[in-house]
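Asks: Quick one: structure below, then a few questions.
2 protein chains.
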Amino acid sequence: MKLIVQKFGGTSVRSKETRKNAISHVQKAVQDGYKVVVVVSAMGRHGDPYATDTLLSLIDSESSISNREKDLLVSCGETISSVVFSSELNTASMNSVALTGSQAGFLTNGDFTNAKIEKVKTDRIIDELKTHDVVVVAGFQGKDENGETTTLGRGGSDTTAAALGAALKADFVDIFTDVEGIMTADPRIVESARPLSVVTYSEICNMAYQGAKVIHPRAVELAMQSEVPLRIRSTYKDDEGTLVTSSRTEERGQDIPDRLITGIAHLSGITQISVKTEQHIGKLHDEVFSSMAEAKISVDFINISPDGVTYTVPSSSADKAVQLLENLGYHPTTLSNCAKVSTVGAGMTGVPGVTSKIVGSLTAKGIEILQSADSHTTIWVLIKEKDLKEAVTALHDTFQLEQQG
Amino acid sequence: MKLIVQKFGGTSVRSKETRKNAISHVQKAVQDGYKVVVVVSAMGRHGDPYATDTLLSLIDSESSISNREKDLLVSCGETISSVVFSSELNTASMNSVALTGSQAGFLTNGDFTNAKIEKVKTDRIIDELKTHDVVVVAGFQGKDENGETTTLGRGGSDTTAAALGAALKADFVDIFTDVEGIMTADPRIVESARPLSVVTYSEICNMAYQGAKVIHPRAVELAMQSEVPLRIRSTYKDDEGTLVTSSRTEERGQDIPDRLITGIAHLSGITQISVKTEQHIGKLHDEVFSSMAEAKISVDFINISPDGVTYTVPSSSADKAVQLLENLGYHPTTLSNCAKVSTVGAGMTGVPGVTSKIVGSLTAKGIEILQSADSHTTIWVLIKEKDLKEAVTALHDTFQLEQQG
């Protein structure tokens, strides 16, 4: 059985008009001989009546509701969406049925608002696909062993789609968004940014973690584990978008160059913190990172030196971090308005000189590199936010990414 | 355990403002030492985003959705309502939890959109009441043996409340509405109409069937079967409203007169049809009533005579009924704009002269009685709609109902 999972997010299913675009993609797949499992998010964004945030806004305050009831409430958003979408597929002469996450077989643990999928029992979906062209599944939800409705934490409907793709061994998992695929850089920053036709799972993970935001990394991990090909596609175009797979070369043949660098991602709103001590350095490390962890402040760019430590936090957590450090008796110095620029490419593994090219490209423009770090597929630099546009553009030019695609 | 079931309809839970009134009733019961099971309808009426009709209006057409999916969709209305209401109880310092119909133990058959309650498993509610003051149950819904969400047909949330009252052996089932109780007559027609303090189950059934519309007869039947006292109360007043019980005299003591007549109900929009034949009269009866039944036209005031039959139908079905009769070769005559006036009173059983009082009262006003019928608690007359106000007022006066209450 040829099978595709197609996921449509909140903006794609928001109105009858936008759903027409979504439905045309489902119809195309059905006409091409696929059975289709559609995963939908709640309809729209805050302000739209059935969107997750709007449903939550019906409640007085966080404290007047348990997480169990929060899940019961917000799950209605995706359930409503699944029935509405299914009915419009039927109107468009497809044969469709709507299932809740629970009915679609999503068994989770009981960690309400942040539930983890424990199992996807596909019997019901497989059964429904015998008599239907399409099964529409309410994303972002499941049930725990007591039958209570849960919502998935990380990744929401993307995760539902990837998990279904893995469990059903789908030919593709299509994630429809309002962008045309994974771009070589943010097109709002770099005019010559191009959509990529193929990227690897690990590349997209690094791109997404660094702010590309088109797909949740958790969904990519799930797809990667069972090697289900993902496609990042635009709801509003017929293109096949960006294929995400384990190797860049094998899927779409020799028209894909064996490129060194795939793309440049960035994240702003970062504050750099430095703490020094003349006392016991081990005690400082212990106290600093314990206090950050307890306060659930995420840290990055950790640079340990003999007399102290430098690291970054999201600027939204900076005041709290400084307060904690002062409470411990330290006198931290901070540098706010920093940005992280990630040069991502599975092809850089084992290729010497990439860091030197990055550093050369930035210093030629007079851009100060505050810190750097690297893994085998990514090199990160911390710069000042004012240099962001120039830095990303310079790196995009240096690696000739306008010729990618 | 002292236990009350309190049901709030769509208009009572429509807005934060109206819910404040509802919540004050729950609070009063909690302060009086009761555990409270609240049953809520979906919030508001058509046009409000989470009302049943509005949810259904999201769908293209009846034919683009199965009854199973229709139930999945509309059940979200009551589920959302239950979580919102529960959260506001918590804000008001009560300790509340929300349950879906399924979680509250409503097992139904699989007749979607018109499901019949097969069992109410109260374990979960009883368990929750150990640690909560209030359990809020989403009305109008349950699940079938396959775990599919169903909605109840007749009576909706009223039925949920009555079934819970029966299963939990509640002290009272309070049905909150926007009227102050069961009235001796429609106050829009009879200025001196008064709320009744006590009526019997069979009286309210006759009142409700005849257009009183404050509680669904199915809910009354359920309460009657297990002798759970119902109270019809106003959301916006502190009064105890109308108590509905098996005997009028035992519940609220000797301040209740052993009255002959309880109230006057009415229903307009009725058409009288007469069919005559010179042929076989048995064939006429057979053909007339079979054709009405097949077309699902409800008939009333059936008056069989040697040469034909006279009966009434809702005026909305009159054209169809006439067409069917003409197709059978009959030549029916019709009288439209009729009204049915019901004089209801459990106390009339075995008391002679009630019919004569009714006839006397109406003929004194020059009101023509087109037909009449009676049971042991109700006498019905068919009159012309133009005489309705005068007839109801005359009967209300004759039986001195302005002194009831």
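So the protein lines, in turn, are chains Z and S. full-length UniProt numbering puts the first residue of the first sequence at 1, with every later residue one more than the last. full-length UniProt numbering puts the first residue of the second sequence at 1, with every later residue one more than the last. Glycine residues also receive a C-beta, built at the ideal position from the N, C-alpha and C atoms.
Give me the Cβ distance between N67(Z) and T100(Z), rounded to the nearest whole Å; I'm assuming they're in contact under 8 Å.
Replies: On the first sequence, residue 67(Z) is found 67 positions in, with the first residue counted as 1. On the first sequence, residue 100(Z) is found 100 positions in, with the first residue counted as 1. Not really, about 19 Å apart at Cβ, beyond 8 Å.
Asks: Can you tell me which of the three DSSP states D255(S) falls into?
Replies: As a first step, residue 255(S) is located in the second sequence; it is residue number 255 there, counting from the start. Residue confidence for D255(S) is low, a pLDDT of 45 falling below 50, so the modelled location carries little weight; the figure read from the coordinates is stated next. Correct three-state label for D255(S): helix.
Asks: Along chain S, in chain order, which residues have C-beta atoms closer than 8 Å to that of T91(Z)?
Replies: In the first sequence, counting from the first residue as 1, residue 91(Z) sits at position 91. D60, S61, S64, listed in chain order.
Asks: Identify which residue in E294(S), Q27(S), D60(S) has its Cα closest to the Cα of N90(Z).
Replies: Taking the first sequence and counting its residues from 1, the one referred to as residue 90(Z) is at position 90. Among E294(S), Q27(S), D60(S), the Cα nearest to that of N90(Z) is on D60(S).
Asks: By alpha-carbon positions, which one of S234(Z), I273(Z), A163(Z), K384(Z) ends up nearest to V228(Z)?
Replies: Here residue 228(Z) refers to the residue found at position 228 when the first sequence is read from its first residue. When each option's Cα is compared against that of V228(Z), the closest is A163(Z).
Asks: If the criterion is Cβ atoms closer than 7 Å, does the pair L291(S) and L335(S) meet it?
Replies: Walking along the second sequence from the start, residue 291(S) turns up at place 291. Walking along the second sequence from the start, residue 335(S) turns up at place 335. The question names Leu, but residue 291(S) in the sequence shown is Ser. No. Outside cutoff.
Asks: How would you call V136(S), buried or exposed, if buried means at least 16 neighbouring beta carbons within 10 angstroms?
Replies: By 1-based counting over the second sequence, the position of residue 136(S) is 136. Buried.
Asks: On the three-state DSSP scale, how would you describe R154(Z)?
Replies: Sequence index remark: in the first sequence, residue 154(Z) carries index 154 (1-based). The answer is coil: DSSP assigns R154(Z) none of H, G, I, E or B.
Asks: Give me the subset of the stretch 111-123 of chain S whose CB atoms are less than 8 Å from a CB atom of chain Z, sorted by chain position.
Replies: Listed by position along the chain: nothing, the set is empty.
Asks: Tell me which residues share the same chain as N21(Z) and place their Cβ nearer than 8 Å to its Cβ, disregarding the 5 neighbours each side in the sequence.
Replies: Taking the first sequence and counting its residues from 1, the one referred to as residue 21(Z) is at position 21. Cβ within range, chain order: S12, T235, Y236.
Asks: In whole angstroms, what is the alpha-carbon distance linking L395(S) and V381(S)?
Replies: Position 395 of the second sequence holds residue 395(S). Position 381 of the second sequence holds residue 381(S). The straight-line gap from Cα to Cα measures roughly 11 Å.
Asks: With H, G and I counted as helix, E and B as strand and the rest as coil, what does DSSP make of P195(Z)?
Replies: Numbered from 1 along the first sequence, position 195 holds the residue referred to as residue 195(Z). Three-state DSSP puts P195(Z) in a strand.
Asks: Between the stretch 33-51 of chain Z and chain S, which residues of the former have CB atoms less than 9 Å from a CB of the latter, in chain order?
Replies: Those would be M43, P49, Y50, in chain order.
Asks: Which residues in the same chain as E78(S) place their Cβ atom closer than 7 Å to its Cβ, once the five residues preceding and following it in sequence are excluded?
Replies: Taking the second sequence and counting its residues from 1, the one referred to as residue 78(S) is at position 78. These residues qualify, in order along the chain: V40, S41, A42, A138, G139, F140, Q141.
Asks: Look at the Cβ atom of T393(S), then the Cβ atom of V173(S), and state whether they are nearer than 7 Å.
Replies: In the second sequence, the residue the question calls residue 393(S) occupies position 393. In the second sequence, the residue the question calls residue 173(S) occupies position 173. Going by C-beta atoms, T393(S) is not nearer than 7 Å to V173(S).
Asks: Please list the residues of the stretch 184-202 of chain S that have a C-beta atom closer than 8 Å to any C-beta atom in chain Z, keeping them in chain order.
Replies: Residues: none.
Asks: Interface residues of chain Z around L55(S) at Cβ under 8 Å?
Replies: Start at 1 with the first residue of the second sequence, and residue 55(S) comes out as number 55. By Cβ distance, chain Z contributes I80.
Asks: For K2(S) and E128(S), what's the separation of their Cα atoms in angstroms?
Replies: Within the second sequence, the letter at position 2 stands for residue 2(S). Within the second sequence, the letter at position 128 stands for residue 128(S). If I take the Cα positions, the gap works out to 15 Å.
Asks: Considering just the uninterrupted stretch of the alpha helix (DSSP H) at P217(Z), what are its terminal residues?
Replies: As a first step, residue 217(Z) must be located in the first sequence, where it is residue number 217. That run of the alpha helix (DSSP H) goes 217-225.
Asks: Give me the chain S residues within the contact set of L73(Z), using Cβ-Cβ distance strictly less than 7 Å, ordered along the chain.
Replies: Translated into positions along the first sequence, residue 73(Z) becomes position 73. Ordered by position in chain S, the residues that pass the 7 Å Cβ test against L73(Z) are I80, V83.
Asks: Against chain Z, does S87(S) count as a neighbour if the rule is that its beta carbon must be under 7 Å from one of theirs?
Replies: Translated into the one-based positions of the second sequence, residue 87(S) becomes position 87. Yes, S87(S) counts as interfacial toward chain Z.
Asks: Show which residues of chain S have a CB atom less than 8 Å away from the CB atom of A98(Z).
Replies: Taking the first residue of the first sequence as position 1, residue 98(Z) is located at position 98. Within chain S, the residues near A98(Z) are E69, L72.
Asks: In whole angstroms, give me the CA-to-CA distance for Q254(Z) and I65(Z).
Replies: The sequence position of residue 254(Z) within the first sequence is 254, counting from 1. The sequence position of residue 65(Z) within the first sequence is 65, counting from 1. Here Q254(Z) scores only 41 on pLDDT, less than 50, and its place in the model should not be relied on; the value that follows carries that caveat. Cα to Cα, the separation comes out at about 56 Å.
Asks: For V381(S), which beta-bridge partners are listed by DSSP?
Replies: One-based indexing of the second sequence puts residue 381(S) at position 381. BP columns for V381(S) point to V341(S), S372(S).
Asks: Would you call the CB atoms of S88(S) and R19(S) closer than 7 Å?
Replies: By one-based count along the second sequence, residue 88(S) stands at place 88. By one-based count along the second sequence, residue 19(S) stands at place 19. For clarity, residue 88(S) is Glu in the given sequence; the question names Ser instead. Closer than 7 Å, so yes.
Asks: Determine the DSSP secondary structure at N303(Z), reduced to helix, strand or coil.
Replies: Taking the first sequence and counting its residues from 1, one reaches residue 303(Z) at position 303. Here N303(Z) sits in strand by DSSP.
Asks: Taking the Cβ atom as the reference point for each residue, do T151(Z) and S75(Z) lie within a distance shorter than 7 Å?
Replies: Locating residue 151(Z) in the first sequence gives position 151, counting from the first residue. Locating residue 75(Z) in the first sequence gives position 75, counting from the first residue. Taking 7 Å as the Cβ cut-off, T151(Z) and S75(Z) qualify as a contacting pair.
Asks: Suppose you measure from the CA of P49(Z) to the CA of K7(Z); what does that come to, to the nearest Å?
Replies: For this step, residue 49(Z) is matched to residue 49 along the first sequence. For this step, residue 7(Z) is matched to residue 7 along the first sequence. Spanning the two alpha carbons is a distance of roughly 21 Å.
Asks: Going by beta-carbon coordinates alone, are R218(S) and F176(S) separated by less than 7 Å?
Replies: In the second sequence, the residue the question calls residue 218(S) occupies position 218. In the second sequence, the residue the question calls residue 176(S) occupies position 176. Against a cut-off of 7 Å, the Cβ pair of F176(S) and R218(S) comes out as no contact.
Asks: Quick check: what's the CA-CA separation for G366(S) versus G10(S)?
Replies: Within the second sequence, numbered from 1, the residue matching residue 366(S) stands at position 366. Within the second sequence, numbered from 1, the residue matching residue 10(S) stands at position 10. Taking the straight line joining both Cα atoms gives about 42 Å.
Asks: Of the residues V97(S), V26(S), E203(S), which one's Cα is nearest the Cα of V244(S)?
Replies: The count along the second sequence starts at 1 and reaches residue 244(S) at position 244. Checking every option, the nearest Cα to that of V244(S) belongs to E203(S).
Asks: I'd like to know whether the C-beta atoms of V344(Z) and G263(Z) end up nearer to each other than 7 Å.
Replies: Here residue 344(Z) refers to the residue found at position 344 of the first sequence. Here residue 263(Z) refers to the residue found at position 263 of the first sequence. Closer than 7 Å, so yes.
Asks: Roughly how many whole angstroms lie between the Cα atoms of G269(Z) and E221(Z)?
Replies: One-based indexing of the first sequence puts residue 269(Z) at position 269. One-based indexing of the first sequence puts residue 221(Z) at position 221. Spanning the two alpha carbons is a distance of roughly 26 Å.
Asks: Pull up the distance between the alpha-carbon of A98(Z) and that of E148(S), whole angstroms please.
Replies: Position 98 of the first sequence, counting from 1, holds the residue named residue 98(Z). Position 148 of the second sequence, counting from 1, holds the residue named residue 148(S). Going from the Cα of A98(Z) to the Cα of E148(S) covers about 12 Å.
Asks: Along the beta strand (DSSP E) that carries H266(S), what are the first and last residues, could you check?
Replies: Within the second sequence, the letter at position 266 stands for residue 266(S). 263-276 is the extent of the beta strand (DSSP E) around H266(S).
Asks: Given I369(Z), which residues of its chain have a CB within under 8 Å of its CB, disregarding the five upstream and five downstream residues?
Replies: As a position in the first sequence, residue 369(Z) is number 369, starting the count at 1. Answer for I369(Z): V359, L362, T363, V381, L382, I383, listed in chain order.
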